[in-house]
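In case it helps, UniProt numbering puts the sequence shown at residues 1 to 301. Written out below as structure tokens is the structure these notes cover.
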Amino acid sequence: MTASRDFVGYGQSPPEFSWPNGARLAVNFVVNYEEGAERNLLDGDTTRETLVEAKYDVPEGERELFAESTFEYGSRVGIWRILQALDDHGVIPTVFASALALERNAPVTEAIIKRGCDVVGHGYRWIPHTGMTVEEERRNIENCVAALERLTRRPVKGWFTRPPNTVHTRSLLAQAGLAYDAGSVSDDLPYWDQVDGRPFLIVPYSLDVNDTKFYKGQFFTADDFARYAIDCFDVLLAESARHPRMMSIGLHPRIIGRPARLAGLLRVLDRISARDDIWITGRDAIADFWRERFPPAESAA
């Protein structure tokens with residue numbers, strides 16, 4: 001159980017090291033693949049999905065077909081547009097995958113396997129864990145991991161709950177044999193948490209460099225996304241001359257997979273992929289590096 005909070009972290013003394021090949025900044029592009037795993041009356045849910053681009057006056061208990069179609073766009077079109085953009089810049093993303101979404105789209109699953117993407121568990125269904133019993137949450141984690149390993153034919157090491165985690169999530173992840181959790185935005189570097197008296201690795205994510213801001217009215221144009229992401233990159237790159245840093249960029253097929261929004265991602269990719277002094281990598285690789293370089297007993301946090 002998560003029973004305490006850490007307000008100190010690394011403070012003014014983050015660990016001194018370099019990422020592989022002497023890089024000082026690690027960048028992780030994350031594609032959240034959730035389309036088809038969201039709440040839907042067809043799947044026996046009692047409520048519709050609420051995190052949608054636009055809401056219409058549809059009576060409770062009836063399907064909202066227009067909102068459903070935004071998810072279908074992500075799986076039919078948006079995912080391929082994003083993958084092509086990443087391919088064109090030589091970037092292999094991490095995929096936060098809801099297992100049911102991959103079960104419903106075999107071509108996407110095969111594309112992920114072909115590219116060698118690391119796949120992080122994102123729930124069997126893309127539904128909140130809050131309100132679940134401990135056993136319900138355990139089943140969701142175990143079913144997700146089993147399905148993803150069957151589909152991708154490779155081990156699942158990491159996890160990202162549809163935010164937020166519950167106080168039980170990390171205990172259940174440790175019990176399931178997972179190596180790390182991405183369900184935190186509390187640092188610019190990985191760190192070790194204490195879960196049930198034992199160390200558990202956290203590889204923080206980002207909700208600010210994230211295309212969900214288009215849905216929240218915080219980004220309106222491709223330039224909004226590009227400027228924000230590039231500003232973040234430039235600041236972290238400058239800071240990394242003193243202390244190494246990590247940057248996460250969150251993407252969703254139904255959001256930034258739209259043509260006008262993708263223009264912002266292309267500008268970000270042009271800026272970041274042109275550098276040869278950074279480490280563009282997967283989240284599993286970051287976790288593996290940290291575990292080897294900073295095993296729990298030597299961790300600074």
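Glycine is no exception: its CB is placed at the ideal position from the N, C-alpha and C atoms.
Looking at C-alpha atoms only, which residue of H129, I280, S75 is the closest neighbour of N140? H129
Where D211 falls: helix, strand or coil (DSSP): helix
Nearest candidate by alpha-carbon position, reference V84, set I256, R24, R293: Residue 84 is actually Gln in this sequence, not Val. Per the Cα distances, I256.
Compute the distance between the beta-carbons of R258 and L201, then report whether it is under 8 Å. no
Start and end residues, beta strand (DSSP E) containing P259: Looking at the DSSP string, P259 is not in any beta strand (DSSP E); the run it does join, the alpha helix (DSSP H), is 259-273.
Who are I280's beta bridge partners in DSSP? V27
Determine the closest residue to E72 out of R104, H89, A174, W159, with distance taken between C-alpha atoms. R104
Pick from G11, R162, L151, S75: whose alpha carbon is nearest that of R254? S75
Residue 334 in three-state terms, based on DSSP: The structure shown has nothing for residue 334, since the chain only spans 1 to 301.
Give every residue of the same chain whose Cβ lies closer than 6 Å to the Cβ of R63, excluding the five residues on either side of it in the sequence, and list them in chain order. L41
Which residues in the same chain have their Cβ closer than 8 Å to the Cβ of G9, if we skip the five residues on either side of it in sequence? S186, D187, Y191, A301
Test item: CB-CB of E36 and L100 under 8 Å: Note that residue 36 is Gly in the sequence shown, not Glu. Going by C-beta atoms, G36 is nearer than 8 Å to L100.
Does the stretch 149-165 come within contact of the stretch 118-128, defined as at least 3 CB pairs closer than 8 Å? yes
Would you decide whether E38 is buried or exposed? Buried here means 16 or more other CB atoms lie within 10 Å of its CB. buried
So, using beta-carbon positions, are W279 and A106 closer together than 8 Å? no
Among residues of its own chain, excluding the 5 on either side of G116, which ones have a beta-carbon nearer than 7 Å to its beta-carbon? I92
Could you tell me the distance, in whole angstroms, from the CA atom of G250 to the CA atom of D211? 6 Å
Where do the N-terminal and C-terminal ends of the alpha helix (DSSP H) with S69 fall, by residue? 65-73
Residue environment, V58, which counts as buried when at least 16 other CB atoms sit within 10 Å: exposed
Going by DSSP, what residue range makes up the alpha helix (DSSP H) through F200? It is not in any alpha helix (DSSP H) - F200 instead sits in the beta strand (DSSP E) that spans 198-202.
Which residues bound the alpha helix (DSSP H) around D231? 222-239
Is the beta carbon of A263 less than 8 Å from the beta carbon of A222? yes
R245: first and last residue of the uninterrupted beta strand (DSSP E) it sits in: 245-251
Between the alpha carbons of F289 and K55, how many angstroms are there, rounded? 43 Å
G61 to E49 span [Cα, whole Å]: 12 Å
Kindly indicate which three-state DSSP category Q194 falls into: helix, strand or coil? strand
What's the call for D234, buried or exposed, on a 16-neighbour Cβ count within 10 Å? exposed
Would you give the residue range spanned by the alpha helix (DSSP H) that V145 belongs to? 134-152
Classify G78 as helix, strand or coil using the three-state DSSP reduction. helix
Is it buried or exposed for E34, if we count other Cβ within 10 angstroms and need 16 for buried? buried
Just to confirm, are L189 and P14 a CB contact at a threshold of 8 Å? yes
Quick check: what's the CA-CA separation for R242 versus S184? 24 Å
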